[in-house]
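S.K.: The structure under discussion is supplied below as structure tokens; questions concerning it will follow.
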Amino acid sequence: MAPGIGIVADLINAGLYALRGDFLNSGLSLLSGLPIVGQGVTAAKYGNKALNVATETVAKGSDSLTSAAKQLDGPKGVHPIKARMKPFKVPCFKPSDTLLKKNKDNIKSFEQNYARQLKHQENGLNDLTIGEYLENRERYRNIKRKGTGSAQSDFRMEFEDDLLESLEASYGKTKSRVEAKKLAKQRATDIMANLAALHDPDMIAGGADKVSRMGRKDVNGSLGPQWAKAPAGSVKDAKTRVQLIDEQVEKAYKNLGADAKLNIQLERCPLNKK
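Numbering-wise, UniProt numbering puts 127 at position 127 of the sequence shown, and it's gapless, one number per residue.
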């Protein structure tokens with residue numbers, strides 16, 4: 001995977017949020033996209049437009065961003081008006097050894113993206129009410145993903161259009177218009193091949209068929225299947241991660257009703273453990 005693709009995604013995500021007036025998510029995507037060592041050049045070269053749009057628009061919504069920043073580390077206080085179920089920590093998620101080996105030369109960036117997608121999934125879960133979660137889970141059990149997918153394809157098209165425009169503007173500073181268009185198309189194809197339109201949370205984990213951002217495909221492909229699996233080392237016929245969440249949410253429903261919010265904690269397995 002070409003370096004900087006994760007950052008480019010964050011910057012374009014920020015731009016799309018900002019253009020829609022969604023200051024909160026624009027700010028969070030912008031903060032996620034701040035470059036780590038060795039990737040700043042790529043981000044600056046290919047994400048200037050999105051970065052500028054996001055920065056200007058986030059400034060207008062700075063009060064919301066300041067408030068939201070305090071909520072990033074957990075669900076406390078996100079919805080002070082509504083009751084929230086007791087915290088439930090889902091068994092940890094772990095990338096496969098094959099995936100880790102594939103990303104060994106850029107492991108810091110990979111782990112940052114892994115943690116980021118987990119955090120977005122956690123935030124997405126905790127934005128749901130108990131009733132919404134149970135309804136979405138029932139729908140998924142009945143029809144799986146039948147009739148869905150248009151949200152992902154539509155968002156990919158919108159994202160790619162914005163990316164192409166940004167790339168053409170960058171290349172156009174030093175290249176002819178024809179050359180800039182050609183290079184932008186090549187680079188956009190490379191970037192899009194490594195990105196997926198994301199549900200937060202995944203539909204299997206109670207998410208609706210709504211997409212609002214892009215993220216690394218390999219990370220998404222690692223996290224998604226783990227919902228329907230029991231944690232490593234579990235006994236035979238042990239409950240899967242999402243079944244464990246179902247169990248806790250159903251208990252909370254009996255005590256708190258449908259309007260209470262979820263309180264789910266997701267984490268990556270410790271790095272020093274196999």
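Note that CB positions come from ideal geometry on N, CA and C, so glycine has one too.
Check whether the region 123 to 131 touches the region 166 to 180, counting contact only when three or more Cβ pairs, one atom from each stretch, lie closer than 8 Å.
M.R.: The region 123 to 131, when compared against the region 166 to 180, does not touch it at the 8 Å Cβ threshold.
S.K.: In whole angstroms, give me the CA-to-CA distance for A252 and D202.
M.R.: One C-alpha to the other measures close to 21 Å.
S.K.: Please report how far the alpha carbon of T240 lies from the alpha carbon of L195, in whole angstroms.
M.R.: When rounded, the distance between both Cα atoms is 27 Å.
S.K.: Got a sec, what are the start and stop residues for the beta strand (DSSP E) G215 sits in?
M.R.: Residues R213 to R216.
S.K.: Looking only at its own chain, which residues have a Cβ that is under 6 Å from the Cβ of A205, when we skip the five neighbours before and after it?
M.R.: These residues qualify, in order along the chain: W227 and V242.
S.K.: Taking the alpha carbon of E138 as the reference point, which residue from A180, G207 and K89 has its own alpha carbon closest?
M.R.: The shortest C-alpha separation from E138 is found at G207.
S.K.: Which first and last residues belong to the beta strand (DSSP E) in which A197 is found?
M.R.: Start and end: L195 to L198.
S.K.: Three or more C-beta pairs under 8 Å: does that hold for the region 163 to 171 against the region 183 to 192?
M.R.: Yes: at least three Cβ pairs fall under 8 Å.
S.K.: Terminal residues of the continuous alpha helix (DSSP H) containing L128?
M.R.: Here L128 belongs to no alpha helix (DSSP H), and DSSP marks it neither H nor E.
S.K.: According to DSSP, simplified to helix, strand and coil, what is K89?
M.R.: Note: K89 maps to strand in three-state DSSP.
S.K.: Identify, in the order they occur along the chain, each residue of the same chain with its Cβ nearer than 7 Å to the Cβ of A115, setting aside the five sequence neighbours on each side.
M.R.: Within the same chain, A115 has close Cβ partners R268.
S.K.: Which residue's Cα is closest to the Cα of K210: F155, D237 and L256?
M.R.: Out of F155, D237 and L256, F155 has the C-alpha closest to the C-alpha of K210.
S.K.: Is the beta carbon of E132 less than 8 Å from the beta carbon of I264?
M.R.: For E132 and I264, no; Cβs fall outside 8 Å.
S.K.: Terminal residues of the continuous alpha helix (DSSP H) containing R241?
M.R.: Residues R241 to L256.
S.K.: Taking DSSP as the reference, what is the three-state secondary structure of K236?
M.R.: Reduced to three states, the DSSP call for K236 is coil.
S.K.: In three-state DSSP terms, what is K261?
M.R.: Reduced to three states, the DSSP call for K261 is strand.
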